[in-house]
Structure formats: structure tokens, C-alpha cells
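Student: Just passing along the structure, written as C-alpha cells.
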Amino acid sequence: MRISITFNNNITVPAELNDSETARKIQAALPLTSRVNTWGHEIYFSIPVKAGLEKGATEVMEIGDIAYWPPGHSLCLFFGPTPASVEDEPRAASPVNKAGRFQADSHILKQVPDGARVEIKEA
Numbered sequence: 001m002r003i004s005i006t007f008n009n010n011i012t013v014p015a016e017l018n019d020s021e022t023a024r025k026i027q028a029a030l031p032l033t034s035r036v037n038t039w040g041h042e043i044y045f046s047i048p049v050k051a052g053l054e055k056g057a058t059e060v061m062e063i064g065d066i067a068y069w070p071p072g073h074s075l076c077l078f079f080g081p082t083p084a085s086v087e088d089e090p091r092a093a094s095p096v097n098k099a100g101r102f103q104a105d106s107h108i109l110k111q112v113p114d115g116a117r118v119e120i121k122e123a
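For the sequence shown, the UniProt record's numbering begins at 1 and goes up steadily by one.
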């Protein structure tokens, strides 16, 4: 399912959710609005979805991954290293469920500040 993620009404990131159970729960909750937190080169924000860890949950991500972090009920967008990274790979604070991919230049996402409004909807 294609979605759009818009920050402060001026930065829009096209994305696609995968076919996981977590992604289906996210899709069912659309449209969503929240406020952004940043952690290194990760943007995350709480959403009204509750899901446990799925088989294959991991901490190591790739640039462009969208994941769901169960402890924080949060959606995460990874666009570079985080404070938990060992090398240059994006790494979550704890295991996450991969839920999709986004297409955006990391320079664009670096412009999104803490507290920015985020809206997620079907594209």
C-alpha cells in the first residue's frame, strides 16, 4: 500500500507499507497525525497501533526502512546512523518490525525538527 508522510505541511515523503501484520494494523489506523522525535538519523513518532514483535524483528535497518517499535508504539524512519549504530548502518534502540520503505533523500529528512507535525495517509 502506498502512503504519503508529510512533515509540517511542507516536506512530503512517498512510501510503501509491506504486507506484514504490523503494516496492516498501521494501514487500518490511517490517516494518522503525531509529533516527531529525532534520534540521530532516525525520525520516530507515536501512533495509535499496538503490535508485538514479529518473527524477523531486528535492530539493524537499512536507509529507507520504515519500522514499528513496539515499546514506544512508534513508527520509525531510518535515514542514517543512530546513537546505537556500530558502523554507518541505521540501528534501532531495540528490535523493531519492518513495515515498509520510503523514498527520500536523507538531506531532506535532516531538515525535520523535533516536534514537527507529521501526517500519514494513503497516497
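Glycine is no exception: its CB is placed at the ideal position from the N, C-alpha and C atoms.
For clarity, every value in this text was computed on a predicted model and none was experimentally measured.
Locate the beta strand (DSSP E) running through Glu-119, then write down its first and last residues.
Tutor: Its beta strand (DSSP E) spans residues 117-122.
Student: Using CA atoms only, rank isn't needed, just tell me which of Leu-17, Ile-26, Phe-7 is closest to Phe-102.
Tutor: Closest by alpha carbon: Leu-17.
Student: In or out: Ile-120 buried (at least 16 other Cβ within 10 Å) or exposed?
Tutor: With 16 or more other Cβ atoms within 10 Å, it is buried.
Student: For Lys-25, report the span of its beta strand (DSSP E) as first-last.
Tutor: No beta strand (DSSP E) holds Lys-25; the alpha helix (DSSP H) holding it covers 21-29.
Student: Alpha carbon to alpha carbon, what distance is there between Ser-85 and Gln-111?
Tutor: Going by the C-alpha atoms only, they are around 21 Å apart.
Student: Give the secondary structure of Gly-100 by DSSP, where H, G and I count as helix, E and B as strand, and everything else as coil.
Tutor: Gly-100 falls in the strand class under three-state DSSP.
Student: When you compare only the Cα positions, how much space is there between Asn-37 and Glu-122?
Tutor: Roughly 22 Å separates the two Cα atoms.
Student: For the alpha helix (DSSP H) that contains Leu-109, what are its first and last residues?
Tutor: Per DSSP, Leu-109 belongs to the alpha helix (DSSP H) from 106-109.
Student: Which residues in the same chain have their Cβ closer than 8 Å to the Cβ of Ala-99, if we skip the five residues on either side of it in sequence?
Tutor: So the qualifying residues of the chain are Leu-17, Asn-18, Ser-20, Thr-22, Ala-23, Ile-26, Ile-66, Ala-67, Tyr-68, Leu-75.
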